[in-house]
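Before any comments, here is the structure.
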Amino acid sequence: MDEFEKIDRLIQEGNLQEAERLTGEVLAESPENAGLHFRMGQIHYRKQEWGKAINQFQRVLELDPSWPGAKEQIQMANAILGYFTPDMFNP
């Protein structure tokens, strides 16, 4: 099993802390790998870290503008962020 498969399995199992650690280690060795940035974006998305997720997906598009799913992930995160309105916190 390669590192990509291991990271994918950890994400699917919900072991996000370990997935983030492993992805970070591999990213340190391959900082221009769009697939690793996409996986890190998925991790942040699942952790509801919307800004970090968007940044990772943006990096994917910088490295590979045709990466499948990256634009959609950004749109979904932005939609979630758009749902939160100041009126909810200041009645």
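If you're matching positions, the sequence shown starts at 1069 in the working numbering and goes up one per residue.
All C-beta atoms in this analysis are idealised placements derived from N, C-alpha and C, irrespective of residue type, glycine included.
None of these values were measured; they are calculated from a predicted model.
Helix, strand or coil for residue i? Go by DSSP, reduced to three states.
i, result
"N1146", "helix"
"E1093", "helix"
"D1076", "helix"
By Cβ distance below 8 Å, which residues in the same chain neighbour residue i in space, the five residues on each side in sequence not counted?
i, result
"L1131", "E1100, N1101, A1102 and H1105"
"I1098", "Just to set this straight, residue 1098 is Ser in the shown sequence, not Ile. These residues qualify, in order along the chain: L1104."
"R1114", "I1079, G1082 and L1084"
Is residue i buried or exposed, if buried means 16 or more other CB atoms sit within 10 Å of its CB?
i, result
"Q1080", "exposed"
"E1088", "buried"
"M1108", "buried"
"A1096", "exposed"
Please return the same chain residues whose Cβ sits closer than 7 Å to the Cβ of residue i, not counting the five positions on each side in sequence.
i, result
"I1148", "W1118"
May I ask whether a heavy atom of the ligand MG can be found less than 8 Å away from the beta carbon of residue i?
i, result
"L1149", "The ligand MG is not part of the structure shown, which contains no ligands of any sort."
Residue i lies in the alpha helix (DSSP H); which residues open and close that run?
i, result
"M1108", "A1102 to R1114"
"W1118", "W1118 to L1131"
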